[in-house]
Each structure stands twice: as C-alpha cells, then as structure tokens.
Amino acid sequence: MDLTEKQISEYDENGWILLPELFSKGEISILEAAAMDVLQRRGPEVAREPNGDPHVCWGMHLFDERFGALTRHPRLLLPVEQLMRSQVFVHQSRINIKQQNGSIVEWHQDFGTYHRVDGIPEARGIMIGVFLDDVNACNAPVLAVPGSHKEGVVSEAVIDDTVADHDGAAKYRYDITETTMKRLVERRGLEAIQGPAGSVLLMNMTVVHGSSVNISPLRRLLLYVNVSATDNRGESFVRPEYYAARDFSPLLPLSDGCILKYQ
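Next comes the structure, spelled out in structure tokens:
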C-alpha cells in the first residue's frame, strides 16, 4: 500500500501516523495466539509485573515464525520504506501486554537508548505498533507529544537501582525529566493514540511517549517492531540479541497472505 501525500505530511509534522484496521480479525487472531504462546517463555526476555504476570517479551520475532512473517508483511514494510526512503532491518521487537493494573511506562524516546547503549548512529528508524486489542481512553493508550521528534534527544541518563545489572548497560534509564516534559507539552501538546484492533501505528523513534497504569479491566495487547535503515546499524553489542539486533539483513516483503497461512 502507498501512503498519501497527506499521510506523509502528517508523519513529518507530528512524528507518527495511525493506519486504522490494517489487519483483519483472522490475522489478529493468529497474532494473538502467537503472543500468548511466546509470553509463556520463562527466560530473561520476558519482563513481569510484580504479581508474576508477563508484561513484555523482547525479541518476539526471534521466537515465533508468525512474528517473523509479521516483520516482513508488505502492509508494514511498504509504507515504512516509503517514509524512510530506505530498506530496513529489525532492531528490536516486543510484545507489550497491559492487563488491569499493568505497569506505567515512563516518558522516553526509543532513540535515547538505541543511540547511547546500542550505538545506533542516527534517528533514522520507525516504531511500528500493531494493535491486537481496541485501544481507547480507558485502557492506558500510548500518550505522545506531537512534533517532539524535531527536538532531538531530550532524555537524560538516570541510574535505575531496581535493575540487577548495576555494572552493565541495563543500569541506565533514559527518561524525560518533569521540567522537560512540562516545556514540551506546553509548547506542543499531548495526544492519546487510540484506534480499533488491527490498526498500525508508525512512529518516529525520537517521539517522546509513555503510558499510564491500566486501571480498567480492559486488556491492551500491542506488538512492536522497531526498524532502522540498513545503513544505520548498532555498533555496540552490550545488550542481548533479544534487545538489540545482530542481524542487519534488509527485510524483504512476503505475500499479503503470509500471516493467514498459519490459520
């Protein structure tokens, strides 16, 4: 699919666009089943809530071929390549499931960590979000500052004492201070990104975003595929592969029915 000039202008101005209901109910069902399977993993790639429920699984495309197909789906790849004017590779992928009382995600920029820890040189990448649930005002939608990608890197390094690896890269968080957030929101505003299941979010990796605790009983299940231009590779390998890519091969599109073949 080709993006319209209006969509490209919206992406350039705000830092993201939402493509509603890009995937069918059948495709959503297949991807949801894959997510439930992968979230059963017991390794360090799965982060958990205090009660033990899974919250995030990093590197989902490494663990299930259904997600491998998703990363190569033409409905994702073609608009991404149109925006990037480049082929791309997967730098990071993850499942994010926010159940009732699911954890807060602090204000951050993905590029802050990708640049400082993984060694990605430039902010030439896109966060692809695939909605497997309806996302609305009630179930902790992603909140984002429109136009914040034009500010450059505004996050600051903070030591995270809750992380066991105090001597390695994991000890650093790259959050946005309250003062910086106040300035950004006063200048640019703040928006909740909402849409029906099957929708796809394409967001510049420098956009400031976060999400609150989900106090509703409504689950919010999202898949993320963060891609970078093929000549914009990470140069540091301090984090495991499920966090940061070792394979920089360009993604090549599969057929439009590549997910439905798993039904």
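Using the numbering used here, the letters of the sequence shown map in sequence onto residues 3 to 265.
Beta carbons are placed, not taken as given, at the ideal position from N, Cα and C, and that holds for glycine.
- For Lys27, the closest C-alpha among the options Cys140, Val132, Arg221, Pro81 is that of Val132.
- If you draw a 10 Å sphere on the C-beta of Val210, you find 16 or more other C-beta atoms in it, and that means buried.
- For Lys100, the enclosing beta strand (DSSP E) covers residues 90 to 100.
- If you look at Leu78, you'll find it in the alpha helix (DSSP H) that goes 76 to 86.
- The residue among Ala71, Asn228, Val202, Gly70 with its C-alpha nearest the C-alpha of Pro22 is Val202.
- Under the three-pair Cβ rule at 8 Å, the segment 243 to 260 does not count as touching the segment 132 to 151.
- Per the C-alpha coordinates, the member of Arg185, Asn228, Ile195, Asn98 positioned closest to Ile122 is Asn228.
- Ranked by Cα distance from Glu180, the first of Gln102, Asp258, Glu158, Ala194 is Glu158.
- Under the DSSP definition of a beta bridge, Asp177 partners with His110, Glu158.
- Using a Cβ distance threshold of 8 Å, Tyr226 and Ser95 count as a contacting pair.
- Straight through space, the alpha carbons of Leu145 and Gly54 are spaced by roughly 26 Å.
- Between the alpha carbons of Glu7 and Ile128 lies a gap of roughly 18 Å.
- Secondary structure of Glu193 (DSSP, three-state): strand.
- With a beta-carbon spacing of about 17 Å, Ala139 and Gln101 fall beyond the 8 Å limit used to define contacts.
- For Met38, the uninterrupted alpha helix (DSSP H) segment begins and ends at 27 to 40.
- For the pair Leu220 and Leu20, the Cα-to-Cα distance works out to about 21 Å.
- Membership of Ile19 in the beta strand (DSSP E) is indicated by the continuous run 18 to 21.
- If you draw a straight line from the Cα of Glu15 to the Cα of Val147, it is about 11 Å long.
- Straight-line measurement puts the Cα of Asn103 at about 10 Å from the Cα of Pro52.
- When C-beta atoms of the segment 63 to 81 are compared with those of the segment 253 to 261, three or more pairs fall below 8 Å, so the two segments count as touching.
- Secondary structure of Ile10 (DSSP, three-state): helix.
- Sixteen is the threshold: when 16 or more other Cβ atoms of the shown chains lie within 10 Å of the Cβ of Val58, as they do, the residue is buried.
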